[in-house]
Amino acid sequence: MASTLGPRHGAASLMATSASTTLFRRLTWEGTVPLEIRVDSKELPANSNRGLECYFIQAARVSYLPLLVPDVKKFLVDVVLDEEGAKILKEEDWWFEAEDGSPLKWHWPIGLLYDSHTIAATIRPNHTTDPIPLKLVLHLALPPTDKLLLVPSAEACKQAFMGQLKEADFIRWGSTKRMTSLRKAEQDGIWEGIKEHNFDDYWRVASKVTPTTIPARSQSPPPGPGSLHTRPPSVDPGTTTTAPDKDGASSVRSVPVRIYLPDGPVLQELAPPLLDGERPHTVSRFLTSTLPLLFPETGKRHAYALVQGVVCPPETELSWLGACMAGADGWVNICIGISSG
Amino acid sequence: MSLTRPQFERACKLLLEGDDSCTPWSWKSHQAFQHLGYLERTVSIPVKSPGNPLDETVEILVEEDDSAAVNSSPNFLSWDQYIVYSPSFGVPAFYFIVWDQQGVQLTLDQLLQSGVFRFDSSTKLDKTPFGVSEPGSAFPLLSQGDHPVLGIRCWHFHPCESSTAVDELVNDVIIPTASEDDRLRCWMEMWFLVLGSAVNF
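Top line first, the protein sequences correspond to chains L and B. Take this note's numbering: the final residue in the first sequence is number 341, and no numbers are missing along the way. Take this note's numbering: the final residue in the second sequence is number 1201, and no numbers are missing along the way.
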């Protein structure tokens, strides 16, 4: 659906999206990682089928652990527990433990948990680069009382997710108007899209708040069916001037981005899409300014950047990442792995 | 006005110069990333007994080096307090954990009963097991979050609305020709004032 009107024609044309943007968003959406969820055998009721308490799943990167709980519960009831054991299951006592013995940050997207596990391995001796499942322990009882622990319920997860989405909105535009102007049904629809893992349902609403890229001139194929996407005026022949794309990826104040280290705090710094208002801000420049020892301006670099499981080319533009490869919560999570040798 | 991280650090250090509270704050920074700093302190608060609301005039803070002795008393809670920088909103944010005498962290319901907050009974609040919100607000007023430097899970007050309230107070108090240091010190003092309307410091 082509449009020759200005950017303010309507909600759909505000967020014109190229086919390549949609492609990368879909690739991000469809990405999965292997999880091995083992139930703590000490907490299994008597008469359980011991030896079968491991649940394997190729989980969506953009999803969250609490959303896997119903499937895990079904597995336990169908395969592991007898009738009596199934009756005494109390999900409000469930909690996940990471490989290092700490309570798992289940409010992180699954893809981030996995990439964090990947980069943590890069500082261990003799680590392998082969992809290995992220191994989690599911405890059915006795959540630790000396740490603040929230029950990994879907409702708590939703609240945490919506908070991240609004925070990303604020970082981009200096206000949360885009998110708060969505009707409640639309806000709920974003979460439902994640719960049901439905790309179209999610992006039907998310496209109203997520910046998009300016598409390449006239080479992009027309948008596919079922999409709200339109071609922006700049693509149409005969347009002599291009109005500034106020909702484009390069127009944001800052790209919502966080940096995760193998062993260190989560870093968050201002990430404007352009440097000096002109040069695209690339991953390379961003990491050089944030982690100059690992990413010196010249000379050998001792680390690499992983985004959605993909090693990021240094010239990748932050604005493009924000539009195409952010998580469902709007955040670009850059995980830093240490290069071997 | 939003603060840069260096401004936040400067404002905190100016505040420390004039800190005369019973339990003073101290500035800490990450071992490897020195620019990631925050204020912290631990105070002890008496356990509220049912039917006997915490009297605001009660001297509830004790010297930090006596806290170990006090915490071994069965009648006190231990309150870890952190003032950290919110890089998203460019303002300070208040993170905290409250422990009971057995070293168990308080739940939200227990926190609301503890006397830590000054929520007015007439204030309408939406409460879930994982947070407290004011109706119609974009963000929860109180919810859980990861301490930006330590990474530990804490309760925190959402910082998004504090800047506007603080700016209004600062503009009433500070003269336009005030120095940067005076403005930063005043900003932090007013921020504590705003936070103090909800938290029983």
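Every residue, glycine too, gets a C-beta built ideally from N, C-alpha and C.
B/L1142 and L/G51 have their alpha carbons spaced roughly 42 Å apart. Taking one beta carbon from each stretch, the region 1011-1031 of chain B and the region 284-299 of chain L have fewer than 3 pairs nearer than 8 Å; the two do not touch. Contact check for L/Q164 and L/D329: beta-carbon distance about 4 Å, within the 8 Å limit, so the pair qualifies. When C-beta distances to chain L are compared with 8 Å, the residues of the region 1072-1094 of chain B below that value are P1087, S1088, F1089, in chain order. For L/K135, the pairing in a beta bridge is given by DSSP as L/E36.
For B/D1167, the three-state secondary structure derived from DSSP is helix. Per the C-alpha coordinates, the member of L/L113, L/R25, L/E92, L/L136 positioned closest to L/D40 is L/L136. Counting along the chain, the unbroken beta strand (DSSP E) around B/G1037 starts and ends at 1037-1046. In summary, the residues of the region 1003-1031 of chain B whose CB is separated from some CB of chain L by less than 7 Å are H1030, in the order they occur in the chain. In terms of beta-carbon proximity, L/A156 lines the interface with chain B, with at least one pair separated by less than 8 Å. Sorting L/L89, L/R178, L/E315, L/A303 by C-alpha distance to the C-alpha of L/I338 places L/A303 at the top.
In the DSSP assignment, B/H1156 falls within the unbroken beta strand (DSSP E) covering 1153-1157. The region 1005-1012 of chain B makes no contact with the region 312-329 of chain L: fewer than 3 CB pairs, one atom from each, lie closer than 8 Å. Note that the C-beta distance between B/L1014 and B/R1185 is below 8 Å. Taking a 10 Å sphere around the C-beta of L/E84, we find fewer than 16 other C-beta atoms and assign the residue as exposed. Interface with chain B (8 Å Cβ-Cβ cutoff): L/K184 is excluded.
With fewer than 16 other Cβ atoms from the protein chains shown falling within 10 Å of its own Cβ, L/G101 counts as exposed. The region 58-74 of chain L and the region 189-198 of chain L touch, with three or more beta-carbon pairs separated by less than 8 Å.
In this structure, L/L76 sits away from L/P45, with a CB-CB distance that is not shorter than 8 Å. Bridge pairing for L/R258: L/N333 [DSSP]. L/P152 and L/W106 have their C-alpha atoms roughly 7 Å apart. The distance from the Cβ of L/I336 to that of L/I259 is about 6 Å, consistent with a contact at the 8 Å cut-off. Taking each of B/R1005, B/W1191, B/V1116 in turn and checking the Cα distance to B/V1047, the smallest one comes out for B/V1116.
The C-beta of L/F56 has fewer than 16 other C-beta atoms within 10 Å across all chains shown, which makes the residue exposed. Excluding the 5 residues flanking it on each side, L/L142 has same chain C-beta neighbours closer than 8 Å at E43, D93, in chain order. Contact note: L/T180 reaches chain B through A1138, using a C-beta cutoff of 8 Å and chain order.
Within chain B, the C-beta atoms nearer than 9 Å to that of L/K166 come from A1138, F1139, C1160, in chain order. Taking C-beta separations shorter than 6 Å and ignoring five residues to either side along the sequence, L/T298 has no partners in its chain. Contact between B/F1094 and B/L1195 holds: their C-beta atoms lie close to 6 Å from each other, under 8 Å.
In this structure L/T282 does not touch L/T21 by the C-beta definition: roughly 18 Å separates them, more than the 8 Å allowed. Judged by DSSP secondary structure, L/D200 falls within the alpha helix (DSSP H) whose first and last residues are 199-206. Rounded to the nearest whole angstrom, the C-alpha separation of B/V1173 and B/N1200 is 23 Å.
Of B/W1191, B/E1180, B/T1107, B/Y1082, the smallest CA-CA separation from B/P1006 is found for B/E1180.
Annotated three-state conformation of L/S175 is coil, per DSSP.
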